[in-house]
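Colleague: Got a structure for you, written out below as structure tokens; questions coming shortly.
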Amino acid sequence: MLENGTQLAAVTGANLRVVQLFALFHDSRRLNDDHDPEHGARGAALAGEMNGKLFTLEKEELALLLDACLRHTRGYVRCLK
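The following block contains the structure:
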């Protein structure tokens, strides 16, 4: 995920920091490898808790990261600009 996201960010102009953090958090709170429809929301919550501790994003960047984590469980794809 990280390598693909990094390469895609270079082509699309997506925010590389947000892409890298998405790779880290989007599945970080998955309970299993099967059906877990709330894992994105849990990953977003963890990312929100870690902002200012593990990393620091501006308000707009954090909103983009949280939105991406929340929506990816529904198959939503968005450029992280």
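To convert, note that position 53 of the sequence shown is 54 in the numbering used here; the numbers rise steadily by one, no gaps.
We put the beta carbon where it would ideally sit given N, CA and C, even for glycine.
1. Within this structure, are the beta carbons of LEU65 and ASN16 separated by less than 8 Å?
2. Taking the C-alpha atoms as reference points, what is the distance between ASP141 and GLY44?
3. On the DSSP bridge assignment, give the partners of ASN52 in chain order.
4. Shorter than 8 Å from the beta carbon of ASP68 to some beta carbon of chain C?
5. Compare the Cα-Cα distances from GLY1 to each of ARG72, LEU3, LEU9 and report the closest residue.
Modeller: The short version:
1. A distance below 8 Å separates the beta carbons of LEU65 and ASN16.
2. Coverage of the chain is limited to positions 2 through 82, which leaves residue 141 absent and any answer about it impossible.
3. According to DSSP, which records beta bridges pairwise, ASN52 is partnered with PHE56.
4. Absent here is chain C; the protein component of the structure consists of one chain.
5. Outside the displayed range of the chain (2 to 82) lies residue 1, so it cannot be described from this structure.
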